[in-house]
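Report on one structure; see the data block that follows.
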Ligand SMILES: Cc1ncc(COP(=O)(O)O)c(C=O)c1O
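In this note's numbering, the protein residues as written are 13 to 375.
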């Protein structure tokens, strides 16, 4: 785009967005979605307590939400055994990435991530003029040693790791995550994206240490809590770094209804546990469906399964398109060799029946 009124950074940005939404895809194709299995949402829905809280809050939507999200931060602090000052709430992890990048990245700032990693972080880095250095995955895992080596080579300020990872669903144990943190340059911060942490083994989640100024933990209500459409996420970290978010964040970004939903959901641990069980069952079923069609899967610690279509990216893209034409919305990784896979989110039993019928036809 060459409009000289735009900043130079924006003029040079590609016209791409990280995600084309399922609604857009359906509008373009004219095919209604029968099985929405592509965005790693929770098809199992929010807690009934959260639904009731949203209904009650709906009549109060004329008021802005509490800009300090005081009640929600208080509840989160209790859940995590930290102080309210250790938590900032924002518009999902995606929104909080934007805020974090504004805090630490200016034109030329070196940042490190994996090639093919969850894209929103890189999207914000590009918008700030940061210089993104990537390393390839190794055996479908984010390569923590290569991330550390690259971070030291370029003297990175931020290093991104999703654990469990999206798009592959693989997961490192906590000791490996901490080893990565310790191997980074002294001034670097590990941006630890734990969007899927509820689905991972407890051994994958480092103990929260708010004295640790080298790591920020990004969490969300979009996955296990089933509130992707409400847009609530949070960051846990040392009070000084968390306070810095206040200087640049969108203070009214998380609306009143969303705050009430998240607060109520925190009171329903049983719902989250049930979702985690349903997701595990769905992963098993997706694996069965894949194997019945001669395909293999990558072992997943998240609410989706990467299914290896056994050929190259062009082949997997064709499978994806055929599934789309049959009303099954799934996504796939963007770069080789990850793009030999399609990524299927945990679905209800009915949705997985639709998948089981569509997959052999698509293949
Ligand atoms: C790794 C990862 N991080 C963050 C997000 C987005 O989270 P939120 O809905 O809180 O913005 C996703 C969503 O798919 C994800 O896969």
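Cβ atoms here follow ideal geometry from the backbone N, Cα and C, with glycine treated the same way.
ask   = How about residue 110 and residue 123: do their beta carbons lie closer than 8 Å?
value = no
query = For residue 314 versus residue 208, is the C-beta distance shorter than 8 Å?
reply = yes
inquiry  = Using a Cβ-Cβ cutoff of less than 6 Å, which residues in the same chain neighbour residue 240 once the five nearest sequence positions on both sides are dropped?
reply    = 53, 234
ask   = Apart from the five residues on each side of it in sequence, which residues of its chain come closer than 8 Å, Cβ to Cβ, to residue 44?
value = For residue 44, where only same-chain residues beyond five positions count, the Cβ hits under 8 Å are 38, 339.
task = Compute the beta-carbon to beta-carbon distance between residue 280 and residue 61, rounded to the nearest angstrom, for a pair I have assumed lies under 8 Å.
result = 5 Å between Cβ atoms; contact.
query = With a CB to CB cut of under 6 Å and the five nearest residues on each side skipped, what residues in its chain are close to residue 46?
reply = 339, 366
task = Consult DSSP for residue 355 and reduce its assignment to one of helix, strand or coil.
result = strand
message = On the CB-based measure, 16 or more other CB atoms within 10 Å of its CB, does residue 74 come out buried or exposed?
response = Taking all protein chains shown into account, residue 74 has fewer than 16 neighbouring C-beta atoms within 10 Å of its C-beta and is therefore exposed.
message = So within the stretch 73-104, which uninterrupted beta strand (DSSP E) runs reach at least 3 residues, ignoring any that extend past its ends?
response = 99-102
inquiry  = Alpha carbons only, please: which of 300, 173, 116, 108 is nearest the one belonging to residue 261?
reply    = 108
task = Rounded to whole angstroms, what's the CA-CA distance from residue 203 to residue 221? Just pull it up for me.
result = 14 Å
key: Cβ shell of residue 342 (< 7 Å), same chain only, five flanking positions each side left out   = 49, 50, 332, 335, 354, 355, 356
task = Any chance you could list the alpha helix (DSSP H) runs of at least 4 consecutive residues sitting entirely within the stretch 158-232, in chain order?
result = 186-195
message = In this structure, how does DSSP classify residue 263 when only helix, strand and coil are distinguished?
response = If DSSP states are grouped into helix, strand and coil, residue 263 belongs with coil.
message = I'd like the list of long-range same chain contacts for residue 5, defined as Cβ closer than 6 Å, with 5 residues on each side in sequence excluded.
response = Here the chain has residues from 13 to 375 only, and residue 5 is not among them.
task = Check each candidate in 136, 133, 184 and name the one with the smallest Cα separation from residue 157.
result = 184
request  = Answer with buried or exposed for residue 298, where buried requires no fewer than 16 other C-beta atoms within 10 angstroms of its C-beta.
outcome  = buried
query = Going along the chain, which residues of its own chain have a beta-carbon closer than 8 Å to the beta-carbon of residue 250, five neighbours each way excluded?
reply = Within its own chain, the residues whose Cβ lies closer than 8 Å to the Cβ of residue 250, once the five positions on either side in sequence are excluded, are 98, 222, 223, 224, 225, listed in chain order.
key: Residues that DSSP places opposite residue 316 in a beta bridge   = 357
inquiry  = Is any non-hydrogen atom of ligand 1 found closer than 7 Å to the C-beta of residue 182, if you look at the structure I gave you?
reply    = no
request  = Could you tell me whether the Cβ atoms of residue 266 and residue 57 are closer together than 8 Å?
outcome  = Going by beta carbons, residue 266 and residue 57 fall outside the 8 Å limit.
request  = Determine, using beta carbons only, whether residue 6 and residue 217 come nearer to each other than 8 Å.
outcome  = Residue coverage of the chain in this structure runs from 13 to 375, which leaves residue 6 outside it and unanswerable.
ask   = Is residue 179 buried or exposed, if buried means 16 or more other CB atoms sit within 10 Å of its CB?
value = buried
ask   = Can you name the start and end residues of the beta strand (DSSP E) that residue 122 belongs to?
value = 122-126
message = Following a CB-centred definition, is residue 149 positioned closer than 7 Å to any heavy atom of ligand 1?
response = With a cutoff of 7 Å, residue 149 does not count as near ligand 1, since its C-beta is closer than that to no heavy atom of the ligand.
key: Inter-stretch contact at 8 Å, needing at least 3 Cβ pairs: the stretch 315-322 / the stretch 24-36   = no
message = Restricting to Cα atoms, I'd like to know which of 362, 337, 352, 346 is closest to residue 41.
response = Ranking 362, 337, 352, 346 by Cα distance to residue 41 puts 337 first.
query = Would the beta-carbon of residue 178 be found less than 7 Å away from any heavy atom of ligand 1?
reply = Relative to ligand 1, the nearest heavy atom lies less than 7 Å away from the CB of residue 178.
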